[in-house]
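Beneath this line is the structure, given in structure tokens, with notes to follow.
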Amino acid sequence: MKLSVNLNKVALLRNSRGHQNPGVRVAAEAVLDAGAYGVTLHWREDNRHTRADDVRALAALCRERGVELNLEGDTRDELVELALELGVSQLTLVPVTPGEITSDHGWDLPRETPALQPIIARAKARGIRTSIFVDADAERIEHVPATGADRVEIYTEPYAAAFGGAQHEREFSRVRDTARAAAKLGIGVNAGHDLDLLNLPLLAREVPEIVEVSIGHAIVCDALYLGLHETITRYVAATRGEAVSAPCTR
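If you read the sequence shown in our numbering, its first letter stands for residue 729, the second for the next number, and so on.
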């Protein structure tokens, strides 16, 4: 399991002040120096955090360092064209509901398959690995091959919310079964949303089908108390299935 660090919260903090501090590229360099496999940006149309210039800057950095940039976002033309222009490592298509605070559901397959197919085909022709955001629902995975996507990213918020509680086993099983169903079809498996130092090691140990996780919010929260380098060190250990201590952040 590899760690891609989502830097949207760094961009959000920068934007709240209207200047360039903290710098997204500087943060990217720091997490890569600490052992992260790659970085992720989710570029929303309202530019609430990541902006197009951030995507360009990190694409250049990732080329220099030989690491991966995962660009997340919806199917709007400007995002797709930027991904194709820059040749990002991975394009993760995520459905967006107007007014949402954060991503909260996967694509409705097969209903939305026609909207995804041409974008995925163009990205793959450019040599870009493609992924689509899906709910933890093993039965829906059979519809993924028709989209042409190389991978799925399993939405893990329900698992994270249930972790350690009465619904824990049910939500864990949904993630595990979805990952297994995808792997059987030759589809790569990513995962993300509300993963942290407490709930990540179990997935790393018990769901080996997951090859990559994208984590941002929890990393920034933990870094307030641990520092960024130590935080990344612990998350990398967690991706190996190691139990690590987590700071009290709430």
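We put the beta carbon where it would ideally sit given N, CA and C, even for glycine.
Since we're looking at a predicted model, the values are computed, not measured.
Quiz item: In terms of residues, what are the limits of the beta strand (DSSP E) holding L769?
Solution: G766 to H770
Quiz prompt | Closest by C-alpha distance to P826, when choosing among T778, F900, V941 and D774 | solution = D774
Quiz item: Of all the options N927, R839, E958 and Q845, which has the alpha carbon lying nearest to the alpha carbon of F900?
Solution: N927
Self-check item: Status (buried if at least 16 other CB within 10 Å, exposed otherwise) for R804
Solution: exposed
Quiz item: Helix or strand or just coil, what does DSSP make of R753?
Solution: helix
Quiz item: Which word fits D781, buried or exposed, when buried means at least 16 other C-beta atoms lie within 10 angstroms of its C-beta?
Solution: exposed
Practice problem: Run the CB neighbour count on Y953, radius 10 Å, all protein chains shown included, and call it buried at 16 or more, exposed below. | Solution: exposed
Self-check item: Check whether T768 and N734 have beta carbons under 7 Å apart
Solution: yes
Exercise. Look at N918 and S973 and say whether their C-beta atoms are less than 7 Å apart.
Key: no
Quiz prompt | For L735, the three-state DSSP class (helix, strand or coil) | solution = coil
Quiz item: Name the DSSP bridge partner or partners of F861?
Solution: E881
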